[in-house]
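J.: My questions will all concern the structure given below.
There are 2 protein chains.
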Amino acid sequence: MPIRKRFTRGHYKLAGVSFTVTATDGRARRGELRLPHGTVQTPAFMPVGTRAAIKALTFDQVDVLNPDIILGNTYHLHLRPGDDLIARAGGLHKFMGWAKPVLTDSGGYQVFSLAGRRTITEEGAAFRSHIDGRAHLLTPESVVDIQARLGSDIAMIFDECAPWPAERADVEAAMERTLRWARRGRDRFQALQRGDAPEVPRATPGQRQFGIIQGGTHRDLRDRSVAGTLDIGFDAYAIGGLSVGEPVDVMYDVVEHTAAQLPADLPRYLMGTGMPDDLVESVARGIDMFDCVLPTRNARNGQLLTRHGVIAIKNARYAEDFGPPDPDCTCSTCQRHSRAYLRHLYMVGEMTAASLNTVHNLHFYLDTMESIRKAIEFGTFEEFRQAFHRTFTRQHVP
Amino acid sequence: MPIRKRFTRGHYKLAGVSFTVTATDGRARRGELRLPHGTVQTPAFMPVGTRAAIKALTFDQVDVLNPDIILGNTYHLHLRPGDDLIARAGGLHKFMGWAKPVLTDSGGYQVFSLAGRRTITEEGAAFRSHIDGRAHLLTPESVVDIQARLGSDIAMIFDECAPWPAERADVEAAMERTLRWARRGRDRFQALQRGDAPEVPRATPGQRQFGIIQGGTHRDLRDRSVAGTLDIGFDAYAIGGLSVGEPVDVMYDVVEHTAAQLPADLPRYLMGTGMPDDLVESVARGIDMFDCVLPTRNARNGQLLTRHGVIAIKNARYAEDFGPPDPDCTCSTCQRHSRAYLRHLYMVGEMTAASLNTVHNLHFYLDTMESIRKAIEFGTFEEFRQAFHRTFTRQHVP
Chain A
1 MPIRKRFTRG
11 HYKLAGVSFT
21 VTATDGRARR
31 GELRLPHGTV
41 QTPAFMPVGT
51 RAAIKALTFD
61 QVDVLNPDII
71 LGNTYHLHLR
81 PGDDLIARAG
91 GLHKFMGWAK
101 PVLTDSGGYQ
111 VFSLAGRRTI
121 TEEGAAFRSH
131 IDGRAHLLTP
141 ESVVDIQARL
151 GSDIAMIFDE
161 CAPWPAERAD
171 VEAAMERTLR
181 WARRGRDRFQ
191 ALQRGDAPEV
201 PRATPGQRQF
211 GIIQGGTHRD
221 LRDRSVAGTL
231 DIGFDAYAIG
241 GLSVGEPVDV
251 MYDVVEHTAA
261 QLPADLPRYL
271 MGTGMPDDLV
281 ESVARGIDMF
291 DCVLPTRNAR
301 NGQLLTRHGV
311 IAIKNARYAE
321 DFGPPDPDCT
331 CSTCQRHSRA
341 YLRHLYMVGE
351 MTAASLNTVH
361 NLHFYLDTME
371 SIRKAIEFGT
381 FEEFRQAFHR
391 TFTRQHVP
Chain B
1001 MPIRKRFTRG
1011 HYKLAGVSFT
1021 VTATDGRARR
1031 GELRLPHGTV
1041 QTPAFMPVGT
1051 RAAIKALTFD
1061 QVDVLNPDII
1071 LGNTYHLHLR
1081 PGDDLIARAG
1091 GLHKFMGWAK
1101 PVLTDSGGYQ
1111 VFSLAGRRTI
1121 TEEGAAFRSH
1131 IDGRAHLLTP
1141 ESVVDIQARL
1151 GSDIAMIFDE
1161 CAPWPAERAD
1171 VEAAMERTLR
1181 WARRGRDRFQ
1191 ALQRGDAPEV
1201 PRATPGQRQF
1211 GIIQGGTHRD
1221 LRDRSVAGTL
1231 DIGFDAYAIG
1241 GLSVGEPVDV
1251 MYDVVEHTAA
1261 QLPADLPRYL
1271 MGTGMPDDLV
1281 ESVARGIDMF
1291 DCVLPTRNAR
1301 NGQLLTRHGV
1311 IAIKNARYAE
1321 DFGPPDPDCT
1331 CSTCQRHSRA
1341 YLRHLYMVGE
1351 MTAASLNTVH
1361 NLHFYLDTME
1371 SIRKAIEFGT
1381 FEEFRQAFHR
1391 TFTRQHVP
């Protein structure tokens, strides 16, 4: 374990809140979030384990990568294997063999993506399972109950995420409905906390609930969403509805505008973002937590992300490139294997290719977050940010 | 590293031969095979890494399982990525990042399985690639050259494996051709050793070449194959053409009959076998080395092999079975995960299922071999064998 230096500059601890900002640098914050299953060093990236597994990895491999927290998905786990079954297993942590913190997404984004197979009403979202066609109804309350059974450390509210592009009226309606659902979800969460629904097992009694700000790319809708969500009052707040197709500068603008209105003493979570440079830019705007399928999904598609750009491993130029995938990387894939070997595995369709690429991409994301945290501690975040942009590109490596 | 006790009972070291039998128990032998990339403790099971990867595992995971030697396949690697490319990488070991011994199968079995797409002549086997339709010709000589470029520790000769069932005349013809090809393959191998073909890079100068006994289930054909192959003279000998569909008692009979005629001072390798009880029974008949795709392939099909039978993990009875897959097993899968979790991963199609199941099955095979080796050292192999059969079944676990 590396010895982590603690700086007092900008340090303030808020009584009764389990989030401590230990350093700031501009709007960037260095913090610690204490959760029932452990402490999360922020800014943090959360690898996505939708169906109780990080795709292509075993948890022994995840242990080596050592994220402080991972994601699970309420929608997927409700369908298979079922939250009742997971509750009987003792909760999601025990079920999947992962003892550190877990955040569960509410499934709102997934349900709304089921175009043509779902019906949204004020009550909730009715849909047919893509597996067996059975009818399901997710409501703001049932999603709270499901997550109580899963026993995640952080439960997200059930929100309605408008598509992009969308009419302002549709974005506004989704934002308003999210507010009404947030109130219902918070009420249900607090009822479970009070013990008013003893029939719902709570696998993690100290579970926290995060609200979600919607409003698309409209500043005034975001403002109303922030005001309404803060008025309800959650353990912390997330920004949803971004990274859905809008231009990156628009996203950064909404992040900056919205994050500035969220409580300084609580973690801020930007949902579903993004590319490595998005993480750096969002930290610069005050974001503390991230998740994204990009590093794991792109790994399976043969895309390796590095400080110097993207390596599309199937490219013929790598066929006899016997150097490491990323010469600057200390991950086990880059320490042991060449671009030529990774290309071979990808071209012949060995699933080992997905594992090795996933190890690299997640290591790169987690290592970038570690660099961000150190830079904030040392007060050199702006230098780090500029240095990062000097080498990183979304294009292929030169 | 466990301290391995060395027993002198039955120990004899043969000068000039890199195989030492350190103990015997009945016909079972405990030995050490010294190869250019390390020493193999025998009896040994060799996990199959056909295309320069053990399917569903990274080599970091293979390291934990710690086999002494793994297999690669000449046919597959010749097609992709090509033995020339692998030679330029410095050989197969460097190409795939595995420093310990490797045996390369000759590809004979694979080519003869290409029914309808190959033509066998005295010259060799002409076939069209299943990848791009390009014409290829493998000959007894070219297979030696390919394996020299790959740089495996052990190179198998190019043999003709008759199908089962087959007419005796066809089995005899395949056996006779294998003998003629063996002579040509040995001549070519020795020519490379003498430096007569400097245009062929030899990635592992100390490479050994094993001959292969054919003859199907006919004792007299096996006898002629043994005599002819020994007459040519190889570094060691393998028994091919079994585990192709014949009844198990017939296979055991052929193994016993054939192994008894092979030199006592050289390792004996039974190709492509088999189920765990096959390994025990073949060791009892004097076999030292095994390979089989069964543990890795069955893992991907959701079959977990244990001392108490087979677990078909998709079975609904495991849906809420929160106990370990095999309570007696010390593998990382059984230490960390439940049958219910493995079933969930398998049912939703997560590739992590294949990885976790493969870890278990290979651990079980390698652990069984370790138990076999210890039993031979202690002179308790017969007790081990009986105890093994008391619990092991090819049926589902009770």
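Protein sequences appear in the order of chains A and B. Position 194, counted from 1, in the first sequence is what this note's numbering calls 194; the numbers after and before it change by one each time, with no gaps. For this note's numbering, add 1000 to where a residue sits in the second sequence, where the first one is 1. Note that the Cβ used here is the ideal one computed from N, Cα and C, for glycine as well.
(1) What ranges does the alpha helix (DSSP H) occupy inside the stretch 1256-1324 of chain B, keeping only unbroken runs of at least 4 residues that lie completely in it?
(2) Whole angstroms are fine: how far does the CA of His337 (chain A) sit from the CA of Arg6 (chain A)?
(3) Quick check on Arg1004 (chain B) - is its C-beta less than 8 angstroms from some C-beta in chain A?
(4) Report back the beta-carbon spacing between Leu85 (chain A) and Ala1053 (chain B) to the nearest angstrom; my notes put them in contact at under 8 angstroms.
(5) Can at least three beta-carbon pairs, one atom from the stretch 325-337 of chain A and one from the stretch 1028-1036 of chain B, be found at a separation below 8 angstroms?
(6) Work out the CA separation of Val1359 (chain B) and Thr1058 (chain B) for me, nearest whole Å.
(7) Return no unless some Cβ of chain A is closer than 8 angstroms to the Cβ of Tyr1341 (chain B).
(8) Note down, in chain order, every chain B residue with its Cβ under 7 angstroms from the Cβ of His37 (chain A).
(9) So, Gly1072 (chain B) versus Ser1152 (chain B), is the Cβ gap smaller than 8 angstroms?
(10) If Gln1214 (chain B) sits next to Ser1225 (chain B), beta carbons under 8 angstroms apart, how far is it from one beta carbon to the other, in whole angstroms?
(11) Return the chain-ordered ranges of every alpha helix (DSSP H) run that is complete within the stretch 1108-1174 of chain B and spans a minimum of 4 residues.
(12) For Arg34 (chain A), which of helix, strand or coil comes out of DSSP?
(13) If you scan the stretch 166-225 of chain A from start to end, which runs of the beta strand (DSSP E) of 3 or more residues do you find wholly inside it?
(14) Residues of chain A with CB closer than 7 angstroms to the CB of Val1348 (chain B), please, in chain order.
(15) Based on the DSSP secondary-structure assignment, which residues constitute the bridge partners of Val1064 (chain B)?
(16) Residues of the stretch 1056-1067 of chain B with a CB closer than 7 angstroms to any CB of chain A: list them in chain order, please.
(17) Kindly indicate if chain B contains any beta-carbon less than 8 angstroms away from that of Phe322 (chain A).
(18) Under 9 angstroms Cβ-Cβ, which residues of chain B neighbour Leu85 (chain A)?
(19) Can you tell me whether His130 (chain A) is buried or exposed, with buried defined as 16 or more other CB within 10 angstroms of its CB?
(20) So, at 7 angstroms on beta carbons, what are the nonlocal neighbours of Leu1079 (chain B) in its own chain, with the 5 sequence-adjacent residues on each side left out?
(21) Excluding the five sequence neighbours on either side, which residues of its own chain have a C-beta within less than 6 angstroms of the C-beta of His1257 (chain B), listed in chain order?
(22) Kindly give me the distance between the Cβ atoms of Thr1296 (chain B) and Pro1047 (chain B), rounded to whole angstroms, as I take these residues to be in contact under 8 angstroms.
(23) Quick check: the Cα distance between Arg177 (chain A) and Arg343 (chain A), rounded to an integer number of angstroms?
(24) Check whether the Cβ of Met1351 (chain B) lies closer than 8 angstroms to any Cβ atom in chain A.
(25) Using a Cβ-Cβ cut-off of 8 angstroms (strictly less than) and excluding sequence neighbours within five positions of Val200 (chain A), which residues of its own chain qualify?
(26) Would Ile1070 (chain B) and Ala1044 (chain B) be called neighbours here (beta carbons separated by less than 8 angstroms)?
(27) Could you pull out every residue in the same chain whose Cβ sits closer than 6 angstroms to the Cβ of Ile1376 (chain B), ignoring the five residues on either side in sequence?
(28) Tell me, please, whether the CB atom of Phe95 (chain A) is closer than 8 angstroms to any CB atom in chain B?
(29) Using the beta-carbon of each residue, which ones in chain B are nearer than 8 angstroms to Arg336 (chain A)?
(30) If we cut at 8 angstroms on Cβ distances, does Ala299 (chain A) have a partner in chain B?
(31) Compute the Euclidean distance between the alpha carbons of Pro140 (chain A) and Gly216 (chain A), then round it to the nearest angstrom.
(32) Please compile the residues from chain A whose C-beta is within a distance smaller than 8 angstroms of the C-beta of Leu1356 (chain B).
(33) Just reading off the beta strand (DSSP E) that Ala1089 (chain B) is part of, what are its end residues?
(34) In the structure shown, what three-state DSSP assignment does Leu1071 (chain B) receive?
(35) Let me know the secondary structure DSSP gives His1396 (chain B) once reduced to three states.
(36) Go ahead and pull the three-state DSSP assignment for Thr380 (chain A).
T.: On the basis of the coordinates in this document:
(1) Look at the stretch 1256-1324 of chain B and you find these whole runs of alpha helix (DSSP H), each 4 residues long or longer: 1276-1283, 1294-1300.
(2) Within the first sequence, numbered from 1, the residue matching residue 6 (chain A) stands at position 6. Within the first sequence, numbered from 1, the residue matching residue 337 (chain A) stands at position 337. Low confidence applies here, because Arg6 (chain A) scores a pLDDT of 38, under 50, leaving its location unreliable and the question unanswered by this model.
(3) Within the second sequence, numbered from 1, the residue matching residue 1004 (chain B) stands at position 4. Residue confidence for Arg1004 (chain B) is low, a pLDDT of 37 falling below 50, so the modelled location carries little weight; the figure read from the coordinates is stated next. No, its Cβ sits nowhere closer than 8 angstroms to a Cβ of chain A.
(4) Looking up residue 85 (chain A) in the first sequence gives position 85. Looking up residue 1053 (chain B) in the second sequence gives position 53. Wrong, their Cβ atoms sit about 34 angstroms apart, outside the cutoff.
(5) For the pair of segments examined, the stretch 325-337 of chain A was found not to touch the stretch 1028-1036 of chain B: the number of CB pairs separated by less than 8 angstroms stays below three.
(6) As a first step, residue 1058 (chain B) is located in the second sequence; it is residue number 58 there, counting from the start. As a first step, residue 1359 (chain B) is located in the second sequence; it is residue number 359 there, counting from the start. The alpha-carbon atoms of Thr1058 (chain B) and Val1359 (chain B) are separated by roughly 11 angstroms.
(7) For this step, residue 1341 (chain B) is matched to residue 341 along the second sequence. At least one chain A Cβ lies under 8 angstroms of Tyr1341 (chain B).
(8) Position 37 of the first sequence, counted from the first residue, corresponds to residue 37 (chain A). None at all; the shortest Cβ gap to chain B is about 16 angstroms.
(9) Mapped onto the second sequence, residue 1072 (chain B) falls at position 72. Mapped onto the second sequence, residue 1152 (chain B) falls at position 152. The answer is yes: Cβ separation under 8 angstroms.
(10) Translated into positions along the second sequence, residue 1214 (chain B) becomes position 214. Translated into positions along the second sequence, residue 1225 (chain B) becomes position 225. About 5 angstroms; that satisfies the 8 angstroms criterion.
(11) The stretch 1108-1174 of chain B contains, as complete alpha helix (DSSP H) runs of 4+ residues, the segments 1108-1112, 1140-1150 (chain order).
(12) The sequence position of residue 34 (chain A) within the first sequence is 34, counting from 1. If DSSP states are grouped into helix, strand and coil, Arg34 (chain A) belongs with the strands.
(13) Here the runs fully enclosed are 208-213.
(14) Position 348 of the second sequence, counting from 1, holds the residue named residue 1348 (chain B). Within chain A, the residues near Val1348 (chain B) are Arg51, Arg80.
(15) Translated into the one-based positions of the second sequence, residue 1064 (chain B) becomes position 64. Answer by DSSP bridge pairing: none, since Val1064 (chain B) is not bridged.
(16) Cβ contacts with chain A: Ala1056, Leu1057, Thr1058, Phe1059, Asp1060.
(17) Counting from one through the first sequence, the residue named residue 322 (chain A) turns up at place 322. Yes, because at least one Cβ of chain B sits closer than 8 angstroms to the Cβ of Phe322 (chain A).
(18) As a position in the first sequence, residue 85 (chain A) is number 85, starting the count at 1. What Leu85 (chain A) touches in chain B: Ala1319, Glu1320, Ala1340, His1344.
(19) On the first sequence, position 130 is the one that residue 130 (chain A) refers to. Result: exposed.
(20) Position 79 of the second sequence holds residue 1079 (chain B). Excluding five sequence positions before and after Leu1079 (chain B), the CB atoms of its chain that fall closer than 7 angstroms to its own CB belong to Ser1129, Ile1131, given in chain order.
(21) On the second sequence, residue 1257 (chain B) is found 257 positions in, with the first residue counted as 1. Closer than 6 angstroms at Cβ, skipping near neighbours: Arg1219.
(22) Position 296 of the second sequence holds residue 1296 (chain B). Position 47 of the second sequence holds residue 1047 (chain B). Taking C-beta atoms under 8 angstroms as the contact rule, Thr1296 (chain B) and Pro1047 (chain B) qualify, at a distance of about 7 angstroms.
(23) Here the question's residue 177 (chain A) lines up with position 177 in the first sequence. Here the question's residue 343 (chain A) lines up with position 343 in the first sequence. For Arg177 (chain A) and Arg343 (chain A), the distance between alpha carbons rounds to 47 angstroms.
(24) Within the second sequence, residue 1351 (chain B) is the residue found at index 351, counting from 1. Chain A has a Cβ within less than 8 angstroms of the Cβ of Met1351 (chain B).
(25) Against the first sequence, residue 200 (chain A) aligns to sequence position 200. In chain order, Asp145, Ala148, Arg149, Leu192 place their CB closer than 8 angstroms to the CB of Val200 (chain A), counting only its own chain and leaving out the 5 sequence neighbours on each side.
(26) Counting from one through the second sequence, the residue named residue 1070 (chain B) turns up at place 70. Counting from one through the second sequence, the residue named residue 1044 (chain B) turns up at place 44. It is not a contact, given that the beta carbons lie outside the stated cut-off.
(27) Here residue 1376 (chain B) refers to the residue found at position 376 of the second sequence. Ala1023, Asp1025, Ala1028, Arg1030, listed in sequence order.
(28) As a working mapping, residue 95 (chain A) is identified with position 95 in the first sequence. Judged by the 8 angstroms Cβ criterion, Phe95 (chain A) is in contact with chain B.
(29) For this step, residue 336 (chain A) is matched to residue 336 along the first sequence. In chain order: Phe1059, Asp1060, Gly1097.
(30) As a position in the first sequence, residue 299 (chain A) is number 299, starting the count at 1. It does not: the Cβ of Ala299 (chain A) has no partner Cβ on chain B nearer than 8 angstroms.
(31) Looking up residue 140 (chain A) in the first sequence gives position 140. Looking up residue 216 (chain A) in the first sequence gives position 216. The straight-line gap from Cα to Cα measures roughly 20 angstroms.
(32) On the second sequence, position 356 is the one that residue 1356 (chain B) refers to. At a C-beta separation below 8 angstroms, Leu1356 (chain B) has these neighbours in chain A: Thr58.
(33) The residue labelled residue 1089 (chain B) in the question sits at position 89 within the second sequence. Looking at the DSSP string, Ala1089 (chain B) is not in any beta strand (DSSP E), and its letter there is neither H nor E.
(34) In the second sequence, residue 1071 (chain B) corresponds to position 71, counting from 1. Looking at Leu1071 (chain B) - three-state DSSP - the assignment turns out to be strand.
(35) Here the question's residue 1396 (chain B) lines up with position 396 in the second sequence. Strand at His1396 (chain B).
(36) Position 380 of the first sequence holds residue 380 (chain A). In this structure, Thr380 (chain A) counts as coil in the three-state DSSP scheme.
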